[in-house]
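Here's the structure we're looking at; comments come further down.
Protein chains: 2
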Amino acid sequence: MITGSKKMIRDINSHLVLETVLNEGPVSRAAISARSGLTKATVSAIVADLIDRQLVREIGSDDTSLGRKPILLEFCKENGHILSIDLGVNAITAFTSDLMGNDCGLKIFPNNYTRDNIISGLIYIINLSLSELPETPFGLTGIAIGVHGATNGNEIIFAPYYDYSGLPFADRLSEHFHVPVFLENEANLSVIGEKCFCYNVPNLIGLSVHSGVGAGIIINDELYTGINGNAGEIGHTIINVNGRECPCGNHGCLEQYASERAILSEYAEIRRLDGVTIEEFTQAYNEGDPIALRLLDQFISYISIAVNNLLNTFNPDVIVINSGFTINIPELHELIRDQLKNRMKRYCTLVPSGLQDISILLGGACLIIKDFLGVSYCAKDSSFKID
Amino acid sequence: MITGSKKMIRDINSHLVLETVLNEGPVSRAAISARSGLTKATVSAIVADLIDRQLVREIGSDDTSLGRKPILLEFCKENGHILSIDLGVNAITAFTSDLMGNDCGLKIFPNNYTRDNIISGLIYIINLSLSELPETPFGLTGIAIGVHGATNGNEIIFAPYYDYSGLPFADRLSEHFHVPVFLENEANLSVIGEKCFCYNVPNLIGLSVHSGVGAGIIINDELYTGINGNAGEIGHTIINVNGRECPCGNHGCLEQYASERAILSEYAEIRRLDGVTIEEFTQAYNEGDPIALRLLDQFISYISIAVNNLLNTFNPDVIVINSGFTINIPELHELIRDQLKNRMKRYCTLVPSGLQDISILLGGACLIIKDFLGVSYCAKDSSFKID
DNA sequence: ACACTTTGTTTAATAAGTAAACAAATGGGG
DNA sequence: CCCCATTTGTTTACTTATTAAACAAAGTGT
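Just so you know, the protein sequences line up as chains R and U, in that order. Here the first sequence is numbered in numbering that gives the first Met the number 0, starting from 0 and rising by one per residue. Here the second sequence is numbered in numbering that gives the first Met the number 0, starting from 0 and rising by one per residue.
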């Protein structure tokens with residue numbers, strides 16, 4: 000059991016100080032003391048330790064009008080690196096950053112890997128990305144991998160679009176690189192990214208609409224994944240009794256109506272095409288193709304049902320939508336909001352993704368920051384307009 | 000901000016000791032030390048303080064084979080009382096208990112009260128209930144009120160079946176009785192009761208099917224109510240696009256298919272009755288009335304959809320169902336489980352309510368215990384069969 | 001030059017936990 | 001019947017971390 004001890008006090012206060020420097024820095028000892036409620040003596044002692052551990056450094060003095068000039072403290076963001084991977088079905092994206100998520104390099108690789116060579120493929124990709132980074136005191140601090148499926152942190156439990164289930168991703172990579180490795184669902188990483196960089200509220204739902212439909216759930220500032228990592232699998236909530244058949248065995252699952260896959264394949268079928276990309280579909284829509292218009296109308300309607308259901312289930316501060324359609328067709332967002340206003344007496348805040356296609360990668364970075372520092376990163380300008 | 004301090008350590012450890020005595024008592028100091036990881040010295044100091052505060056007392060020694068006999072410690076459950084109210088549409092139930100939720104009296108009153116006299120009516124009812132209790136050191140420790148609607152803790156925000164919205168229930172009663180008063184949704188209290196007395200798991204969803212349909216949500220051992228107390232309003236999640244019209248303005252809300260109100264009114268309509276109670280309906284069902292059979296079949300089907308959607312959204316440890324139908328017709332539970340097994344590849348644990356019609360009242364008691372002691376009560380036999 | 005402010009450090013006091021020794025209580029074996 | 005092993009619970013000496021207050025450092029304005 001967790002008992003209170005002197006170590007615990009120091010831990011709590013040390014994290015509090017570090018959090019203040021990380022998220023509000025540069026900042027002086029006196030300002031930290033005023034904001035946190037810790038005495039100046041305590042702050043000084045903790046800061047000395049943080050400087051010793053190369054997490055914090057003194058930079059010049061601030062210009063104030065009166066009194067002794069404060070010594071500003073700054074988080075040593077470049078003393079280590081983070082590696083974040085988006086394990087897509089068609090592409091693998093590798094992103095490296097400093098300890099505040101600042102871009103240190105992004106590489107995209109086609110995903111030709113099979114079940115047999117995906118792990119060694121990732122090792123190759125990671126080594127390639129790391130080779131371009133300068134030496135730092137901490138080196139690599141962790142690896143986050145976003146997958147399109149359910150995970151238990153180490154393995155993929157269930158993923159519809161690739162055959163990687165049961166492979167010990169995190170174990171192998173962490174053996175190889177000697178750092179913590181987190182394997183997490185893409186919707187979950189995505190919502191973490193949105194929270195840390197854009198919409199900093201305690202209860203945030205990220206609605207991710209890509210091939211499938213998933214929700215990342217943050218409750219009381221913590222990611223909620225359920226007992227098997229299956230929470231937020233709203234693609235298989237039923238919104239139409241006796242509706243379309245779903246591979247999952249049920250009828251009328253949301254994913255059969257409101258996913259990219261559903262819309263694109265319906266479009267391809269009607270137009271008798273072999274397949275269609277989201278870019279091709281967007282072009283058709285922009286050129287006024289009536290089929291595309293009708294399908295996107297359907298999409299809007301079903302997404303607003305999904306949001307309605309999430310609002311009535313979670314009553315969160317904010318719901319943030321991320322989908323290829325809303326990225327490619329910005330006006331879509333207002334149309335979804337209009338539909339929703341018709342549905343909901345009690346209106347709630349629906350906002351567009353602030354990070355769009357890099358939300359997974361930045362969310363991964365935040366996960367590693369939290370693990371390495373024990374403190375949640377929150378970008379200074381993470382108060383995007385919410386209305 | 001919350002800083003670590005000596006007071007905080009003592010608080011944490013004191014609560015840890017009290018929790019052990021409350022939930023695992025009678026128990027000796029040595030046993031508390033072994034279980035919690037605190038040293039014997041710390042436990043002794045804290046116990047002395049708890050005895051001083053009349054929360055814990057020493058009872059006789061235990062019979063052990065070897066060594067000095069331990070002094071058993073017990074929680075002073077009868078040193079205070081709790082009052083719990085179920086503010087039903089037709090009836091108001093008042094329940095008094097000791098500090099472990101043991102029955103000290105239950106009274107049922109018809110609810111003839113209007114918006115103008117409901118608060119004074121409650122004061123009358125509460126005084127009547129309190130008048131039968133013996134004097135205790137702490138006296139009344141708190142009042143919990145379960146309402147059939149959404150609340151913000153003090154007022155009713157929205158309740159479809161009575162006109163009490165906006166009345167300052169908690170403020171008035173707490174002024175009058177000088178104790179904390181909690182106004183909470185019935186589904187929320189219900190799930191608290193199920194957790195504390197029956198199914199002690201960290202992530203528990205309580206599906207309450209009465210006039211409407213609501214879910215109580217416990218995540219990481221904490222009740223989650225959303226930012227306006229509207230979380231769990233799953234009666235208005237849409238499960239049938241273009242389905243039946245709902246007073247909320249949408250079409251196809253769950254509540255139009257799977258609530259007592261929906262089933263009973265459909266039955267009354269078909270049978271051309273003025274209205275029908277759940278008892279009358281149950282009788283018809285038991286006598287083999289084909290309409291009742293068909294409607295209950297529909298009920299099972301829609302409830303299994305609701306459970307499917309909750310499972311895919313929350314992936315909890317357990318979902319517990321509480322409804323007038325399952326209470327009156329026990330075999331219903333297995334039928335719902337069978338339906339669900341067809342739907343879900345990943346099967347999850349669905350269990351029947353352990354507390355049935357008193358879950359709201361006992362949940363209210365647990366809420367007060369938590370507030371008064373700062374510790375969650377968990378009944379010793381709260382490990383009901385889960386399969 | 002001096003008073004005033006603000007920052008950051010030092011010092012003494014206090015609270016709370018820990019480990020280890022000790023006292024108390026008890027049963028069993030010689 | 002006495003002594004010892006054993007277990008419980010208390011006491012003691014020590015350590016750690018916070019706090020309040022005094023103090024030193026650094027800078028500005030009159």
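Virtual Cβ for every residue (Gly too), placed ideally from N, Cα, C.
Assumed close pair residue i, residue j - CB separation to whole angstroms, cut-off 8 Å
i, j, result
"residue 234 of chain R", "residue 211 of chain R", "5 Å"
"residue 284 of chain U", "residue 291 of chain U", "4 Å"
"residue 376 of chain R", "residue 121 of chain R", "Not really, about 25 Å apart at Cβ, beyond 8 Å."
"residue 200 of chain U", "residue 316 of chain U", "4 Å"
"residue 95 of chain R", "residue 104 of chain R", "5 Å"
"residue 342 of chain R", "residue 248 of chain U", "7 Å"
"residue 75 of chain U", "residue 55 of chain U", "6 Å"
"residue 242 of chain R", "residue 231 of chain R", "With 8 Å as the limit, residue 242 of chain R and residue 231 of chain R do not qualify as a contact, their Cβ atoms being about 21 Å apart."
"residue 86 of chain R", "residue 144 of chain R", "6 Å"
"residue 312 of chain U", "residue 312 of chain R", "6 Å"
"residue 182 of chain U", "residue 168 of chain U", "5 Å"
"residue 327 of chain R", "residue 277 of chain R", "6 Å"
"residue 25 of chain R", "residue 65 of chain R", "That belief does not hold up - the Cβ atoms of residue 25 of chain R and residue 65 of chain R are roughly 19 Å apart, past 8 Å."
"residue 298 of chain R", "residue 267 of chain R", "With a Cβ gap of about 15 Å, residue 298 of chain R and residue 267 of chain R do not count as contacting."
"residue 335 of chain U", "residue 8 of chain R", "Between residue 8 of chain R and residue 335 of chain U the Cβ distance is about 50 Å, and since that is not below 8 Å, they are no contact."
"residue 223 of chain R", "residue 218 of chain U", "6 Å"
In DSSP terms, what residue i is bridged to
i, result
"residue 203 of chain R", "R:217 and R:317"
"residue 157 of chain U", "U:149"
"residue 371 of chain R", "Answer is none; residue 371 of chain R lacks a bridge partner."
"residue 102 of chain U", "U:96"
"residue 178 of chain U", "The partner list for residue 178 of chain U (beta bridge, DSSP) is empty, contrary to what the question assumes."
"residue 212 of chain R", "R:208"
"residue 222 of chain R", "R:217"
"residue 348 of chain U", "U:317"
"residue 383 of chain R", "Paired residues: none, contrary to the question."
"residue 90 of chain R", "R:109"
"residue 198 of chain U", "U:382"
"residue 139 of chain R", "R:80"
"residue 273 of chain R", "For residue 273 of chain R, which the question treats as bridged, DSSP gives no partner whatsoever."
"residue 183 of chain R", "R:145"
With 16 other Cβ atoms within 10 Å as the buried cut-off, status of residue i
i, result
"residue 351 of chain R", "buried"
"residue 53 of chain U", "exposed"
"residue 58 of chain R", "exposed"
"residue 123 of chain U", "exposed"
"residue 127 of chain R", "exposed"
"residue 271 of chain U", "exposed"
"residue 273 of chain R", "exposed"
"residue 28 of chain U", "buried"
"residue 97 of chain R", "buried"
"residue 184 of chain R", "buried"
"residue 401 of chain U", "Absent from the model: residue 401 of chain U. The displayed extent of chain U is 0 to 386, so no value can be given."
"residue 363 of chain R", "buried"
"residue 261 of chain U", "buried"
"residue 101 of chain U", "exposed"
"residue 287 of chain U", "exposed"
"residue 239 of chain R", "buried"
Quiz item: Which full runs of the beta strand (DSSP E) of 3+ residues lie inside the region 9–78 of chain U, going along the chain?
Solution: Entirely contained in the region 9–78 of chain U, the beta strand (DSSP E) runs reaching 3 residues are, in chain order, 55–60 and 70–74.
Quiz item: Which whole runs of the beta strand (DSSP E) in the region 276–338 of chain U are 3 residues long or more, in chain order?
Solution: Complete beta strand (DSSP E) runs here, min 3: 317–322.
Quiz item: Counting pairs of Cβ atoms below 8 Å between the region 318–329 of chain U and the region 147–158 of chain U, do you hit three or more?
Solution: Taking 8 Å as the limit for Cβ pairs, the verdict is that the region 147–158 of chain U does not touch the region 318–329 of chain U.
Quiz item: Is it true that the region 135–147 of chain U meets the region 71–91 of chain U, where meeting means three or more beta-carbon pairs spaced less than 8 Å apart?
Solution: Enough Cβ pairs lie closer than 8 Å, so yes.
Self-check item: Whole runs of the alpha helix (DSSP H) within the region 228–261 of chain R, excluding any shorter than 4 residues
Solution: For the region 228–261 of chain R, the continuous alpha helix (DSSP H) assignments of 4+ residues that do not extend past its boundaries occur at 254–257, in sequence order.
Exercise. Would you be able to state if there are at least three C-beta pairs under 8 Å between the region 166–178 of chain R and the region 267–285 of chain R?
Key: Pairwise C-beta distances place the region 267–285 of chain R out of contact with the region 166–178 of chain R, as fewer than three of them are shorter than 8 Å.
Exercise. State whether the region 45–60 of chain R contacts the region 10–26 of chain U, with contact taken as three or more CB pairs (one from each stretch) at a distance under 8 Å.
Key: The region 45–60 of chain R vs the region 10–26 of chain U: no contact.
Quiz item: Can you find at least 3 beta carbon pairs, one from the region 305–315 of chain R and one from the region 203–221 of chain R, that sit closer than 8 Å?
Solution: Taking a cut-off of 8 Å for Cβ pairs, the region 305–315 of chain R and the region 203–221 of chain R touch, as three or more such pairs fall below it.
Self-check item: Three-pair Cβ contact test at 8 Å for the region 347–362 of chain R versus the region 182–193 of chain R
Solution: Note that the region 347–362 of chain R touches the region 182–193 of chain R; at least 3 beta-carbon pairs, one per stretch, sit closer than 8 Å.
Quiz item: Using 8 Å as the threshold, is the region 22–41 of chain U in touch with the region 29–45 of chain R, meaning 3 or more CB pairs across them?
Solution: Too few Cβ pairs lie closer than 8 Å, so no.
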